[in-house]
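Participant: Quick note: the sequence shown uses numbering that gives the first Met the number 0, first residue 0, plus one each step.
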Amino acid sequence: MINVTKSTLPPYNEYIEEIKSIWETHWLTNMGDKYYKLQEELKLYMDVPNISLFANGHLALEIALEALDLEGEVITTPFTFVSTTHAIVRNGLTPVFCDINSVDYTIDVNLIESLITEKTSAIMPVHVYGNICDVEEIERIANKYNLKVIYDAAHAFGTKYKGVASGNFGDISMFSFHATKVFNTIEGGGLTFKNNGYADLLKVLQNFGITSQEDANYIAGNAKMNEFQAAMGICNLRRINDEIFKRKLIVERYRNNLDGIKGIKLPIIQEDVASNYSYFPVIFNNYSLSRDEVKVLLEENDIFSRKYFYPLTSELTCYHNKINKGYTPVAQYIADRVLTLPLYADLSLSDVDRICEIIKYRK
Ligand SMILES: *Cc1c(COP(=O)(O)O)cnc(C)c1O
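#1: Excluding the five sequence neighbours on either side, which residues of its own chain have a C-beta within less than 8 Å of the C-beta of residue 53, listed in chain order?
#2: Tell me, which residues are paired with residue 160 by DSSP?
#3: My understanding is that residue 184 touches residue 232, with C-beta atoms under 8 Å, so please give their C-beta distance in whole angstroms.
#4: What residue does the alpha helix (DSSP H) around residue 45 start on, and which one ends it?
#5: By DSSP's criteria, residue 173 is part of a beta bridge. Which residues make up the other side?
#6: Under 6 Å Cβ to Cβ from residue 159, same chain only, skipping five residues before and after it: list those, please.
#7: Would you tell me roughly how many angstroms separate the C-alpha atoms of residue 124 and residue 107, rounded to the nearest one?
#8: Could you please give the first and the last residue of the uninterrupted beta strand (DSSP E) stretch that includes residue 23?
#9: If I follow the unbroken beta strand (DSSP E) through residue 427, where does it start and stop?
#10: Skipping 5 residues on each side, what residues in its chain have a beta carbon closer than 6 Å to that of residue 133?
#11: Please give the ranges of any beta strand (DSSP E) in the stretch 180-261, keeping only runs that are unbroken, at least 3 residues long and fully inside the region.
#12: Taking all protein chains shown into account, do 16 or more other C-beta atoms lie within 10 angstroms of the C-beta of residue 127, making it buried, or fewer, making it exposed?
#13: Report yes if the C-beta of residue 8 is less than 7 Å from at least one heavy atom of ligand 1; otherwise report no.
#14: Alpha carbon to alpha carbon, how far is residue 72 from residue 207?
#15: Under 8 Å, do residue 74 and residue 157 count as touching if we go by C-beta distance?
#16: Mapping the DSSP letters down to three states, classify residue 3 as helix, strand or coil.
#17: Please state whether DSSP places residue 59 in a helix, a strand or coil.
#18: Whole angstroms is fine: what's the gap from residue 192's alpha carbon to residue 24's?
#19: Going by DSSP in three states, residue 87 sits in which element: helix, strand or coil?
#20: Tell me whether the beta-carbon of residue 165 lies closer than 8 Å to the beta-carbon of residue 131.
#21: Using the C-alpha atoms, what's the distance from residue 17 back to residue 226?
#22: Does DSSP put residue 113 in a helix, a strand or coil?
#23: Tell me which same chain residues have a C-beta within less than 6 Å of the C-beta of residue 100, skipping the five on either side of it?
#24: Can we count residue 80 as close to ligand 1, meaning its CB is less than 7 Å from some heavy atom?
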């Protein structure tokens, strides 16, 4: 059986070695040695001035919006994981859906200005599949209208644009370290930011709003990364470059097998971007099989792909009659045709060949 993804684990003994000291300190959570060690190592690896670590990416995203103290409307896209839209709505904000561009599936920057109203307080674009948004144009618009920018960079760990690491754009960027992502801490997430002033606030907001032993200044929840998560991150980070390199070889193999086939559109290679090869999204349009038929065919061979992202978040049951879906025909078109193929570091190249044979020759 081949799953769409497979979580990376360090060698068993390496993790055991890393957590041994926890039995000496009995410090399990609330920012212990492991937390600070991982934080320092990630700062270096991600080449960012600041990072705060969280229990998971979603809570990090919610807290990013809370920390920026936003009101009113947030411009975002519906071609994303549910988390992006939920984070906005759960903060009492209104999502305003902007369409995506058909080239790299990130927010269509040419449409953003037409969606700005007096109520707009922020833009929350998504670096979908690790493709970097048009960060320069987004920055120009944000400066012109005095808007905050929060990137959902859940897919973008380890990527760079024009040599600048992806955690350096916007006011805050959220990275997910979920088990299925390129880099994992089992569950986990991080917020990167330039403004040093956010560090203390984020620490308070991830710990019940507690500001001193006897007081809380904010009505906040609990979103702390624990020591076992941090230890997993420390171990996984040791092999991250190798992981990404293996993914690169797999992606190149997919390209060699599927390039130039009528009705199959492969993901573009973005200029000026150092990719992390996190996903391999393929568009089936006027191919001899529909996207759904390809998915079933693969399943008959015990191979599991994913309609990622389908449906659009604006179409989810929880939002029926609750939010304005906007006008996002490109996002709808892509969501109806996209299939992400299996991709993880130890997927063998012969398995990639087999997956492509099935897609090409139905065998
Ligand atoms: C994974 C993901 C999240 C949420 O991250 P978790 O760590 O799973 O909470 C948010 N947005 C996108 C685009 C994601 O892929």
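Cβ atoms here follow ideal geometry from the backbone N, Cα and C, with glycine treated the same way.
Everything numeric in this text was worked out from a predicted model, so none of it was measured.
Facilitator: Looking at the atomic coordinates:
#1: In the sequence shown, counting from the first residue as 1, residue 53 sits at position 54. Excluding sequence neighbours, residue 53 sits near 59, 62, 187, 188, 189, 190, 205, 222, 223 and 224.
#2: Working through the sequence shown from its first residue, we reach residue 160 at position 161. Answer by DSSP bridge pairing, in chain order: 163 and 272.
#3: For the purposes of this step, residue 184 is taken as the residue at position 185 of the sequence shown. For the purposes of this step, residue 232 is taken as the residue at position 233 of the sequence shown. Sure, about 4 Å apart at Cβ, within 8 Å.
#4: Mapped onto the sequence shown, residue 45 falls at position 46. Element bounds for residue 45: 32-45.
#5: By 1-based counting over the sequence shown, the position of residue 173 is 174. Among the bridge pairs identified by DSSP, residue 173 is matched with 151 and 190.
#6: Here the question's residue 159 lines up with position 160 in the sequence shown. Contacts found: 273.
#7: Position 125 of the sequence shown, counted from the start, is the residue given in the question as residue 124. Position 108 of the sequence shown, counted from the start, is the residue given in the question as residue 107. Approximately 10 Å, taken between the alpha carbons.
#8: Here the question's residue 23 lines up with position 24 in the sequence shown. From DSSP, residue 23 is part of no beta strand (DSSP E) but of the alpha helix (DSSP H) over 11-24.
#9: The question about residue 427 has no answer, for the chain in this structure spans 0 to 362.
#10: Residue 133 sits at position 134 when you count from the first residue of the sequence shown. Closer than 6 Å at Cβ, skipping near neighbours: 108.
#11: 188-192 and 209-211
#12: Translated into the one-based positions of the sequence shown, residue 127 becomes position 128. Under this definition residue 127 is a buried residue.
#13: Working through the sequence shown from its first residue, we reach residue 8 at position 9. Checking the Cβ of residue 8 against ligand 1 gives no.
#14: Stepping through the sequence shown from its first residue, residue 72 is reached at position 73. Stepping through the sequence shown from its first residue, residue 207 is reached at position 208. Each residue's alpha carbon lies about 26 Å from the other.
#15: As a first step, residue 74 is located in the sequence shown; it is residue number 75 there, counting from the start. As a first step, residue 157 is located in the sequence shown; it is residue number 158 there, counting from the start. No. Outside cutoff.
#16: Position 4 of the sequence shown, counted from the first residue, corresponds to residue 3. Coil.
#17: Working through the sequence shown from its first residue, we reach residue 59 at position 60. Residue 59 falls in the helix class under three-state DSSP.
#18: Translated into positions along the sequence shown, residue 192 becomes position 193. Translated into positions along the sequence shown, residue 24 becomes position 25. The C-alpha of residue 192 lies about 31 Å from the C-alpha of residue 24.
#19: The sequence position of residue 87 within the sequence shown is 88, counting from 1. Three-state result, residue 87: helix.
#20: Position 166 of the sequence shown, counting from 1, holds the residue named residue 165. Position 132 of the sequence shown, counting from 1, holds the residue named residue 131. Yes, the pair counts as a contact, with Cβ atoms nearer than the cut-off.
#21: The residue given as residue 226 occupies position 227 in the sequence shown. The residue given as residue 17 occupies position 18 in the sequence shown. The straight-line gap from Cα to Cα measures roughly 10 Å.
#22: By one-based count along the sequence shown, residue 113 stands at place 114. Three-state result, residue 113: helix.
#23: Counting from 1 along the sequence shown, the entry for residue 100 is found at position 101. Hits under 6 Å: 107.
#24: Taking the sequence shown and counting its residues from 1, one reaches residue 80 at position 81. Because some heavy atom of ligand 1 lies under 7 Å away, the Cβ of residue 80 counts as near it: yes.
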